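Asker:
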Amino acid sequence: MEKKRVLELSIIANKVRKNALTAVYTPGSGHPGGSLSIADVLTLLYFEIMNIDPKNPADPDRDRFVLSKGHTAPALYSVLAERGFFPVEDVKTFRNIHSYLQGHPDMKGVPGVDMSTGSLGQGISAAGGMAIAGKLDKKSYRVYAIIGDGESEEGQVWEQAMFAAHYKLDNFTVFVDFNGLQIDGDVKEVMNPTPLDKKFEAFGWHVITCSAHDFNELYDAIEEAKNTKGKPTAIIMNSIKGKNVSFMENNAAWHGSAPNKEQYEQAIKELDTLIEKLEVEYNG
Amino acid sequence: MAKKATRESYGTALVTYGADKNIIVLDADLSKSTKTDMFKKAYPDRFINMGIAEGNMMSVAAGIASTGKTVFASSFAMFAAGRAFEQIRNSIAYPNLNVKIGATHAGISVGEDGATHQCLEDIALMRSLPNMIIINPADDIEAQLAVKAAIDHKGPVYMRFARLAVDDINPADYKFELGKGVTLSEGNDVTIIATGLMVAEALKAKDILSNEGISARVINIHTIKPIDEDIITKAAKETGAIVTCEEHYIMGGLGSAVCEVVCKNCPVPVKIIGTDRFGKSGKPAELFEEYGLTAENIVEQVKEIIKLK
Chain A
5 MEKKRVLELS
15 IIANKVRKNA
25 LTAVYTPGSG
35 HPGGSLSIAD
45 VLTLLYFEIM
55 NIDPKNPADP
65 DRDRFVLSKG
75 HTAPALYSVL
85 AERGFFPVED
95 VKTFRNIHSY
105 LQGHPDMKGV
115 PGVDMSTGSL
125 GQGISAAGGM
135 AIAGKLDKKS
145 YRVYAIIGDG
155 ESEEGQVWEQ
165 AMFAAHYKLD
175 NFTVFVDFNG
185 LQIDGDVKEV
195 MNPTPLDKKF
205 EAFGWHVITC
215 SAHDFNELYD
225 AIEEAKNTKG
235 KPTAIIMNSI
245 KGKNVSFMEN
255 NAAWHGSAPN
265 KEQYEQAIKE
275 LDTLIEKLEV
285 EYNG
Chain B
829 MAKKATRESY
839 GTALVTYGAD
849 KNIIVLDADL
859 SKSTKTDMFK
869 KAYPDRFINM
879 GIAEGNMMSV
889 AAGIASTGKT
899 VFASSFAMFA
909 AGRAFEQIRN
919 SIAYPNLNVK
929 IGATHAGISV
939 GEDGATHQCL
949 EDIALMRSLP
959 NMIIINPADD
969 IEAQLAVKAA
979 IDHKGPVYMR
989 FARLAVDDIN
999 PADYKFELGK
1009 GVTLSEGNDV
1019 TIIATGLMVA
1029 EALKAKDILS
1039 NEGISARVIN
1049 IHTIKPIDED
1059 IITKAAKETG
1069 AIVTCEEHYI
1079 MGGLGSAVCE
1089 VVCKNCPVPV
1099 KIIGTDRFGK
1109 SGKPAELFEE
1119 YGLTAENIVE
1129 QVKEIIKLK
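If you're matching them up, the sequences are chains A and B in order.
Residue 5 is where the first sequence starts when you use my numbering, and the numbers rise one by one after that.
Residue 829 is where the second sequence starts when you use my numbering, and the numbers rise one by one after that.
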């Protein structure tokens, strides 16, 4: 990708991070850490990769996206809002009793959400269902899903891994948000799911490892997945939980707790500074 | 007419109504037993074997349904409603997706396989889910028409089929109406409400009672959810006592559903015939006898409940 395009995407991704934090701060609950770690890949998918139209979110030929780690809905809602599926201001209503923006993604209520998720392990299976449906109908759409590294402790993830390889679903790409942390701490201490690359390989997947925060690496990985025939692709993204907010980075405590006023203002200030810097670079 | 198991009817109906290219059938390595192998043979391109992975099957069914297809997901009741309950709840019922769960080998009539395979709680589990429709057919024609009704209904449906071959109780020109109970026999002294294979026992009980001068109404409830409130309330008002009978735990099944209606609209004594313990190995007829799922026990319970009127 051109440097200017990367800068544009970086600016959007950090706006998505701001919106996600606002979404969590307003009701005082939600999952900021894992939302910040997937902001870049979501931005790349919705602004560069996926064939989608905010004006026609139910287009049968669209590419699909399933957030299997549904607790990071703030990031998904924020990227959908930035992309024009619904007003950006609405993210402030997240988790409110009068809002359509449920604590975990609800496909019936939110334009652009392709599957209701939240119960770990199920989203990846539903995404595999969409992929095989595309094969049965000889449609060219692609299906993307993001699972968490902690989520890969769910047995259902591996039932789906077996299924997608068995049916050669090469229209299916799964990202693993490998930030190394789950609610109770370091994934390697809680219940070590590694080596994830070797596991997916052993199940018959094409596997690519890259940074979750480098748009060029991510873009190349997705292109490689598109060009891989006869098997699904797993992209293991090395990510930083809480990315771009200094005090949230690599801290499991921010898995599922909201910032207070002071912390929220500090986080927004840091992201605004970063966005300003990116804009200067973009305009210069 | 030869006896036929409702699982066989399921397979037959999938072939009959499965010509529609929008229909996809999934099975978890039990296609020879659930009879989805009949569909597989007729429409191999639209049959997907999921292997022994029921949780994944239910969520995959949801994903396929999200693209606009009608998806049947089949396994034994124990591994569909039981093993995959939470997938059915969160991937299918919550988003109200168009998935039909074809659950065979329900109830104690599974027989020799014993307790691990005799699902006696599936109605209770499925009844607790918003958006879920539950159909428990009594014979071949009802089972086949239930499949058609499930296809016509947009949204999740749980169909409960049995392994045991049984006689027809409905006429050849039987009309199936989703959500409507069927009065099989009029009566004034008591009402017997049954579902699935127990409908045949209810009819036998009615004949025995008739010989003893007791006039029993018999109602077949094939759709357990949504339940036909009108037919139950009318029966409570007109006969003043109800006995229910099902191959299920006493808690949470047809009997509970009937009590919920009766309590609200017209409180009368209700006796629930079902089980309160795990199943065991044995021949279906022996198990029906041991667990009280017989015409004779229905007769006994009717005589008891009439005293409470």
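Built from N, CA and C at the ideal position, the CB exists for glycine as well.
Computed from a prediction, not measured in an experiment: that's the story for all the values here.
Which of helix, strand or coil does DSSP assign to A:E158?
Answerer: DSSP places A:E158 in coil when its eight states are reduced to three.
Asker: Measure the beta-carbon distance from B:V1130 to B:I1042 and round it to whole angstroms, keeping in mind my assumption that it falls under 8 Å.
Answerer: That belief holds up - the Cβ atoms of B:V1130 and B:I1042 are roughly 7 Å apart, short of 8 Å.
Asker: Entirely within the segment 211-284 of chain A and at least 4 residues each: give me those alpha helix (DSSP H) ranges in chain order.
Answerer: List check, alpha helix (DSSP H) in window: 219-230.
Asker: Counting pairs of beta carbons, one from the segment 93-107 of chain A and one from the segment 878-889 of chain B, are three or more of them closer than 8 Å?
Answerer: They do not touch, by the three-pair rule.
Asker: Would you mind working out which of B:I1055, B:G983, B:R917 and B:G935 sits nearest B:L948, comparing C-alpha positions?
Answerer: Among B:I1055, B:G983, B:R917 and B:G935, the Cα nearest to that of B:L948 is on B:G935.
Asker: At a Cβ cut of 7 Å, what residues of the segment 889-911 of chain B count as close to chain A, listed as they run along the chain?
Answerer: Of all residues in the segment 889-911 of chain B, A889, A890, G891, I892, S894, T895, G896 and K897 have a Cβ within less than 7 Å of some Cβ in chain A.
Asker: So which residues of chain A does B:M878 contact, with C-beta pairs closer than 9 Å?
Answerer: By Cβ distance, chain A contributes E163 and F167.
Asker: Check B:Y1119 in the structure and name its three-state DSSP category.
Answerer: Coil, per DSSP.
Asker: Going along chain B in order, which residues have a C-beta closer than 9 Å to the C-beta of A:I212?
Answerer: Chain B residues near A:I212: none, gap ~23 Å exceeds 9 Å.
Asker: Using a 10 Å radius around the Cβ and a threshold of 16 neighbouring Cβ atoms, would you call A:F251 buried or exposed?
Answerer: By the 10 Å Cβ count, A:F251 comes out exposed.
Asker: For A:F69, which three-state DSSP category applies?
Answerer: Strand at A:F69.
Asker: CB B:N918 to CB A:G122, shorter than 9 Å?
Answerer: Contact: yes.
Asker: When DSSP labels each residue in this structure, what does B:D855 get in the three-state scheme?
Answerer: Strand.
Asker: What are the residues that DSSP puts in a beta bridge with A:V180?
Answerer: Per DSSP, A:I151 and A:I240.
Asker: In its own chain, which residues sit with a C-beta less than 6 Å from the C-beta of B:Y1002, not counting the 5 before and 5 after it?
Answerer: Closer than 6 Å at Cβ, skipping near neighbours: I969.
Asker: Please compile the residues from chain B whose C-beta is within a distance smaller than 8 Å of the C-beta of A:S120.
Answerer: In chain order: N918, S919, Y922 and P923.
Asker: Work out the CA separation of B:G846 and A:A27 for me, nearest whole Å.
Answerer: Spanning the two alpha carbons is a distance of roughly 46 Å.
Asker: Can you give me the C-alpha to C-alpha distance between B:E1176 and B:N1048, rounded to a whole angstrom?
Answerer: With chain B covering 829 to 1137 only, the question about residue 1176 of chain B has no answer from this structure.
Asker: Given a cut-off of 9 Å on the beta-carbon distance, is the pair B:C1087 and B:I1100 in contact?
Answerer: Cβ atoms of B:C1087 and B:I1100: closer than 9 Å.
Asker: In the structure shown, what three-state DSSP assignment does B:I1100 receive?
Answerer: Strand, per DSSP.
Asker: With 16 other CB atoms within 10 Å as the buried threshold, where does A:G184 fall?
Answerer: By the neighbour-count rule (16 or more Cβ atoms within 10 Å), A:G184 is buried.
Asker: Would you mind reading off the limits of the alpha helix (DSSP H) that contains B:K1137?
Answerer: Segment: none, B:K1137 is in no alpha helix (DSSP H) and carries neither H nor E.
Asker: Name, please, each residue of chain A whose Cβ falls closer than 7 Å to the Cβ of B:G883.
Answerer: Correct list: Q160 and E163.
Asker: Between the segment 71-95 of chain A and chain B, which residues of the former have a C-beta closer than 7 Å to a C-beta of the latter?
Answerer: Listed by position, the residues of the segment 71-95 of chain A near chain B (Cβ gap below 7 Å) amount to none.
Asker: Let me check one thing: in DSSP terms, what residues is B:F904 bridge-paired to?
Answerer: BP columns for B:F904 point to B:T932.
Asker: Looking at the C-beta of B:Q1129, does it have a partner C-beta in chain A at a distance below 9 Å?
Answerer: Cβ-Cβ to chain A under 9 Å: no for B:Q1129.
Asker: With a CB to CB cut of under 8 Å and the five nearest residues on each side skipped, what residues in its chain are close to B:A1000?
Answerer: These residues qualify, in order along the chain: I969.
Asker: At 7 Å on the CB atoms, spell out the chain B contacts of A:Q126, in chain order.
Answerer: Here the neighbours are S887, Q915, N918 and S919.
Asker: Comparing the C-beta of A:H170 with each C-beta of chain B, is any distance below 9 Å?
Answerer: So, interface residue.
Asker: Within 9 Å (strictly less), CB to CB, does A:D110 reach chain B?
Answerer: For A:D110, the answer is yes, since a Cβ of chain B falls inside 9 Å of its Cβ.
Asker: Give me the chain B residues within the contact set of A:G107, using Cβ-Cβ distance strictly less than 8 Å, ordered along the chain.
Answerer: Those within 8 Å of A:G107 in chain B number zero; the least Cβ separation is about 13 Å.
Asker: Does B:I852 have its Cβ less than 9 Å from a Cβ in chain A?
Answerer: B:I852 counts as touching chain A.
Asker: With 9 Å as the threshold, decide whether the Cβ of A:L3 is near any Cβ in chain B.
Answerer: In the structure as shown, chain A starts at 5 and stops at 288, and residue 3 of chain A therefore has no counterpart that could be examined.
Asker: Under the rule that 16 or more other beta-carbon atoms within 10 Å means buried, what is B:I892, buried or exposed?
Answerer: Its Cβ being crowded by 16 or more others within 10 Å, B:I892 is buried.
Asker: Is there contact between the segment 106-126 of chain A and the segment 912-929 of chain B, where contact requires at least three CB pairs shorter than 8 Å?
Answerer: Contact between the segment 106-126 of chain A and the segment 912-929 of chain B is present, because at least three Cβ pairs lie under 8 Å.
Asker: Please identify the residue among A:K112, A:V147 and A:G132 whose C-alpha is closest to the C-alpha of A:N55.
Answerer: The residue with the shortest Cα to Cα distance from A:N55 is A:V147.
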